[in-house]
Amino acid sequence: MIAKNLMMLFGVELVAAVAFSPQVVDLDSTKLQRDSGCAAAGVVNGQCGHYYRSGGCNDEIGKIGPGHCSGQCYKSSDAIESIKAVGDGTYGTNCHLYYDNNCQNQVGETGNGVVVTDQRCYTAPSGKSGHSFLCWYRC
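Residue numbers for the sequence shown follow our numbering, so the first one is 146 and each next one is one higher.
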């Protein structure tokens, strides 16, 4: 009976994981969305996800204030070569970069950045770029 219950529970979790399809926000629709929601790094409300045209987190395209475990997907017509996660000094931010426009085919992730000296930059492998990303805060 326990094995049957575990298999049913696992099946439900597997279906939930496969069905993950976050809402996609088009960052090209307004300039305001490209630069919204970030205060100074390392202070209250300083959590931020930055995205860049070049590797090493150079040539910033824009930034977004990540939602609290919201799983909000952002897409951009710009080729995103790198992303950076910045926490608020108490809680961390983690960003994931995706090849596609709807956060389904992951390139890589930043890891959890908490304090201003711990900003996490992820650069896509040579010749690869992303077109969407997700950032989570305080999860």
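Cβ coordinates follow ideal geometry from the N, Cα and C atoms, glycine included.
DSSP-derived helix/strand/coil call for residue i
| i | result |
| --- | --- |
| residue 170 | strand |
| residue 185 | coil |
| residue 277 | strand |
| residue 195 | strand |
| residue 259 | coil |
| residue 222 | strand |
| residue 238 | strand |
| residue 201 | coil |
| residue 272 | coil |
One or two residues paired with residue i in a DSSP bridge
| i | result |
| --- | --- |
| residue 265 | 230 |
| residue 206 | Paired residue(s): none; residue 206 is not in a bridge. |
| residue 190 | Its beta-bridge partners do not exist; DSSP assigns none. |
| residue 243 | 251, 277 |
Buried/exposed call for residue i, threshold 16 Cβ in 10 Å
| i | result |
| --- | --- |
| residue 282 | buried |
| residue 233 | buried |
| residue 270 | exposed |
| residue 243 | buried |
| residue 237 | buried |
| residue 235 | exposed |
| residue 275 | buried |
| residue 195 | buried |
| residue 192 | buried |
| residue 241 | buried |
| residue 272 | exposed |
| residue 239 | buried |
Worksheet item: How do the region 250–263 and the region 204–223 stand: do at least 3 beta-carbon pairs fall below 8 Å, yes or no?
Response: Contact fails between the region 250–263 and the region 204–223, because fewer than three Cβ pairs, one in each stretch, are under 8 Å apart.
Worksheet item: Does the region 202–213 touch the region 222–233, meaning 3 or more C-beta pairs lie closer than 8 Å?
Response: Yes: the two stretches touch, three or more of their Cβ pairs being nearer than 8 Å.
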